[in-house]
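Counting along the sequence shown from 1, when you hit position 371 you're at 371 in my numbering, and nothing is skipped either side. A short write-up of the structure that comes next.
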Amino acid sequence: MFELPEDVLDIQSLARDFARNEILPGAMARDKEHAFPHEQVRKLSELGFMGMFVPAEYGGAGMSTLAYVVALEEICYADASVGVTMSVNNSLVCWPILGFGTEAQKQKYLPDLATGKHLGCYALTEPNAGSDAGAQRSKAVKNGENYLLNGNKIWITNAPYADICVGYANLDPEQRHRTVCAFILETKWPGFKVGKPEEKLGITSSATSELSFEDLEVPAENLLGREKEGFKVAMATLDGGRIGIAAQALGIAQRAFDLAVVYAKERHAFGKPIGANQAIQWMIADMATRIEAARLLTWRAAVNKDGNDKARASHMCSMAKLAASECANFCADKALQIHGGYGYSKEYEVERLYRDARITTLYEGTSEIQRLVIARNYLG
Ligand code: CAA
């Protein structure tokens, strides 16, 4: 598959126009002020981009994963902070509710999430359960018709503005992943506490904070998937999340590349454009090649994600995330190098891209975790 289908090309063009006209112009100011992109997220909802996989019967756009990654790349080309906000709502909140939720849960939660009335977050990571996600210490105790949750979560994207949270807690932390449960939580419930926003290196206008569950009472009807099968919900959800981060990384890489090309043609040194030098040409060639390769992997993974072979999809999503996130860091670094000292200045967009790229090899599974997932398929 080398050409995008017609309907996906239409989505790409819609996302591109919106991103370049409505998101890109304010991106540097929002980054500087650490200002959450409320207005941009509201408009994304109007375009159907906050619930892209959600079928029309639940208020969503009913699109394919391929359409989603193509749209998300365009949004992240303009601003990766807006992109991660969109990605978390789609991949980490709407998707598991759609995939594991009961009919009543889908009807109750998806329409508001898909239309932008509500924003979602995903609470898996804990102070001592990052890469080792099975080490969940947040405790769930079955209490009649309810579960009582206590514990702490960290690095939760969207948490400061979220209405709904797909969160995890463990019936018996000694049993590790075998007793983890997934829940749909409403952030307005007593006992759901949001900590102060984190100060981050990049994606500064996205909102990230700690959460705590303090005697949080959760009705049993809000269990997502079966009891003790929450880890599978978490892992299957992250497969999709990882492809979203691959798309985010591609957007950052493409923007860095485009700015580098423009600068290489405009900037003169020693009586000629710097792009006339082989040193610059090789950087441009390497960036372009890595972007094309990562994009093909990401599109391939998107098609696999909508297919029947879930193990293959998981493998490909990790490959796409690994390749695209390493590519984003490579391209942002080279774009900054091509800009010379100017690239180190906050006056130039490549400085923000360099910082924004850095998170992509960390969240939703580090590059090392992606390599572990990929290698297991060959080595067992
Ligand atoms: N789909 C469904 N089930 C899966 C699965 C998948 N992709 N991967 C594993 N499982 C199942 C396994 O089949 C196994 O089931 P059984 O017990 O029935 O055999 C179970 O889950 C445990 O699997 P593992 O033995 O592989 O578990 P592990 O403890 O070795 O951990 C891991 C595996 C891949 C390292 C996992 O812990 C992992 O992915 N870690 C990284 C966590 C991560 O990505 N965190 C990101 C946080 S979210 C975030 O960043 C969001 C944000 O704010 C932007």
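Just so you know, even glycine gets a beta-carbon here, dropped at the ideal spot from N, CA and C.
Within 10 Å of its beta-carbon, does F270 have 16 or more other beta-carbons around it, so buried, or fewer, so exposed?
Mapped onto the sequence shown, residue 270 falls at position 270. Result: exposed.
Could you please give me the residues that DSSP links to L146 through a beta bridge?
Looking up residue 146 in the sequence shown gives position 146. In the sequence as presented, Leu is not what sits at residue 146; that position holds Asn. N146 is bridged by DSSP to N143 and P219.
Would you kindly work out how many angstroms separate the C-alpha atoms of Y77 and Q175, rounded to a whole number?
Counting from 1 along the sequence shown, the entry for residue 77 is found at position 77. Counting from 1 along the sequence shown, the entry for residue 175 is found at position 175. Straight through space, the alpha carbons of Q175 and Y77 are spaced by roughly 42 Å.
CB G120 to CB I164, shorter than 7 Å?
Counting from one through the sequence shown, the residue named residue 120 turns up at place 120. Counting from one through the sequence shown, the residue named residue 164 turns up at place 164. Yes, they are a contact pair.
Within its chain, find whatever has a CB closer than 7 Å to the CB of F231; leave out the 5 residues flanking it on each side and keep chain order.
Mapped onto the sequence shown, residue 231 falls at position 231. So the list reads G134, H177 and V180, once near-sequence residues are dropped.
Secondary structure of A311, DSSP reduced to three states:
Taking the sequence shown and counting its residues from 1, the one referred to as residue 311 is at position 311. Residue state, collapsed to three classes: helix.
Please report the straight-line C-alpha distance between N304 and A67, rounded to a whole angstrom.
Here residue 304 refers to the residue found at position 304 of the sequence shown. Here residue 67 refers to the residue found at position 67 of the sequence shown. Cα atoms of N304 and A67: separation of roughly 13 Å, rounded to the nearest angstrom.
Euclidean distance between Cα positions of A382 and P219:
The first residue shown for the chain is 1 and the last is 380, placing residue 382 beyond what the model contains.
Check whether A328 and A249 have beta carbons under 7 Å apart:
As a first step, residue 328 is located in the sequence shown; it is residue number 328 there, counting from the start. As a first step, residue 249 is located in the sequence shown; it is residue number 249 there, counting from the start. Judged by beta-carbon spacing, A249 lies within the 7 Å limit of A328, meaning their Cβ atoms are closer than that value.
Am I right that E214 and G191 are in contact with their C-beta atoms under 8 Å? What's the rounded C-beta distance?
If you number the sequence shown from 1, residue 214 lands on position 214. If you number the sequence shown from 1, residue 191 lands on position 191. The C-beta distance from E214 to G191 rounds to 5 Å, short enough to meet the 8 Å contact threshold.
E186, enclosing beta strand (DSSP E) - first and last residue:
As a first step, residue 186 is located in the sequence shown; it is residue number 186 there, counting from the start. It spans V180 to E186 - the beta strand (DSSP E) in which E186 sits, taken as one unbroken run.
Please list, in chain order, all residues of the same chain as A320 whose beta carbon is under 6 Å from its beta carbon, the five residues on each side excluded.
Mapped onto the sequence shown, residue 320 falls at position 320. When the five nearest sequence neighbours on each side are left out, the beta carbons in the same chain lying within less than 6 Å of the beta carbon of A320 are those of I243, A246, L297, T298 and A301, in order along the chain.
In the structure shown, what three-state DSSP assignment does L372 receive?
Taking the sequence shown and counting its residues from 1, the one referred to as residue 372 is at position 372. Helix, per DSSP.
Would you call the CB atoms of S206 and D31 closer than 7 Å?
For the purposes of this step, residue 206 is taken as residue 206 along the sequence shown, with counting starting at 1. For the purposes of this step, residue 31 is taken as residue 31 along the sequence shown, with counting starting at 1. It is not a contact, given that the beta carbons lie outside the stated cut-off.
heavy atom of the ligand CAA below 6 Å from S314 C-beta:
The sequence position of residue 314 within the sequence shown is 314, counting from 1. Annotation for S314 indicates a beta carbon within 6 Å of some heavy atom of the ligand CAA.
Is any heavy atom in the ligand CAA found nearer than 6 Å to the beta carbon of E364?
Here residue 364 is taken as the residue at index 364 of the sequence shown, counted from 1. True, at least one ligand heavy atom lies under 6 Å from that Cβ.
Looking at the strands, I want to know which residues DSSP matches up with S209.
Taking the first residue of the sequence shown as 1, we reach residue 209 at position 209. According to DSSP, which records beta bridges pairwise, S209 is partnered with I156 and P197.
Selection from N170, E326, I203 and E199 that minimises the alpha carbon distance to D79
For the purposes of this step, residue 79 is taken as the residue at position 79 of the sequence shown. Looking at the Cα atoms, I203 is the closest of the given residues.
Comparing the CB of V373 with every heavy atom of the ligand CAA, is any distance shorter than 6 Å?
Within the sequence shown, residue 373 is the residue found at index 373, counting from 1. Of the heavy atoms belonging to the ligand CAA, at least one sits nearer than 6 Å to the Cβ of V373.
Would a C-beta distance cut-off of 7 Å place C94 and V54 closer than the cut-off?
The count along the sequence shown starts at 1 and reaches residue 94 at position 94. The count along the sequence shown starts at 1 and reaches residue 54 at position 54. Taking C-beta atoms as the reference points, C94 and V54 count as a pair closer than 7 Å.
Do I252 and D356 have their beta-carbon atoms positioned less than 7 Å apart in this structure?
Here residue 356 refers to the residue found at position 356 of the sequence shown. Here residue 252 refers to the residue found at position 252 of the sequence shown. Result yes, Cβ atoms of D356 and I252 sit closer than 7 Å.
7 Å Cβ shell around N146 - same chain, five flanking residues per side excluded:
As a first step, residue 146 must be located in the sequence shown, where it is residue number 146. Counting only residues of its own chain and dropping the five nearest sequence neighbours on each side, N146 has a CB closer than 7 Å to the CB of E217, V218, P219 and A220.
Could you tell me if the beta carbon of S367 falls within a distance shorter than 6 Å of some heavy atom in the ligand CAA?
Counting from one through the sequence shown, the residue named residue 367 turns up at place 367. In this structure, S367 has its CB at a distance of at least 6 Å from all heavy atoms of the ligand CAA.
Along the beta strand (DSSP E) that carries C165, what are the first and last residues, could you check?
Locating residue 165 in the sequence shown gives position 165, counting from the first residue. Its beta strand (DSSP E) spans residues I164 to N170.
On the CB-based measure, 16 or more other CB atoms within 10 Å of its CB, does A56 come out buried or exposed?
Position 56 of the sequence shown, counted from the start, is the residue given in the question as residue 56. Classified as exposed, A56 has fewer than 16 neighbouring CB atoms from the shown chains inside 10 Å of its CB.
Measure the C-alpha to C-alpha separation of A324 and A288 and round it to an integer number of angstroms.
Position 324 of the sequence shown, counted from the start, is the residue given in the question as residue 324. Position 288 of the sequence shown, counted from the start, is the residue given in the question as residue 288. Taken atom to atom, the span from the alpha-carbon of A324 to that of A288 is near 12 Å.
Given that a residue counts as buried once 16 or more other Cβ atoms are within 10 Å of its Cβ, and exposed if not, what is D333?
By one-based count along the sequence shown, residue 333 stands at place 333. Burial call: buried.
Taking the Cβ atom as the reference point for each residue, do A114 and G51 lie within a distance shorter than 7 Å?
For the purposes of this step, residue 114 is taken as residue 114 along the sequence shown, with counting starting at 1. For the purposes of this step, residue 51 is taken as residue 51 along the sequence shown, with counting starting at 1. A contact, by the Cβ cut-off of 7 Å.
For the ligand CAA, any of its heavy atoms closer than 6 Å to the Cβ of S131?
If you number the sequence shown from 1, residue 131 lands on position 131. At least one heavy atom of the ligand CAA is nearer than 6 Å to the Cβ of S131, so yes.
For the ligand CAA, any of its heavy atoms closer than 6 Å to the Cβ of F183?
On the sequence shown, residue 183 is found 183 positions in, with the first residue counted as 1. No.
S91 and D306 - do their beta-carbons sit closer together than 7 Å?
Position 306 of the sequence shown, counted from the start, is the residue given in the question as residue 306. Position 91 of the sequence shown, counted from the start, is the residue given in the question as residue 91. No, Cβ-Cβ distance for D306 and S91 is not below 7 Å.
Are the CB atoms of S318 and Q370 nearer to each other than 7 Å?
Position 318 of the sequence shown, counting from 1, holds the residue named residue 318. Position 370 of the sequence shown, counting from 1, holds the residue named residue 370. With respect to the 7 Å criterion, S318 and Q370 are classified as neighbours on the basis of their beta carbons.
Would you check whether the ligand CAA has a heavy atom nearer than 6 Å to the C-beta of M283?
Looking up residue 283 in the sequence shown gives position 283. Not one heavy atom of the ligand CAA falls within 6 Å of the beta-carbon of M283.
Reduced DSSP category for E46 - H, G, I as helix; E, B as strand; rest coil:
Counting from one through the sequence shown, the residue named residue 46 turns up at place 46. Helix, per DSSP.
Span separating the alpha-carbon of E347 from that of P25:
The residue you call residue 347 lines up with position 347 of the sequence shown. The residue you call residue 25 lines up with position 25 of the sequence shown. E347 and P25: Cα-Cα distance of roughly 14 Å.
Going by C-alpha distance, which of I97, S212 and T157 is nearest S138?
Taking the sequence shown and counting its residues from 1, the one referred to as residue 138 is at position 138. The residue among I97, S212 and T157 with its C-alpha nearest the C-alpha of S138 is S212.
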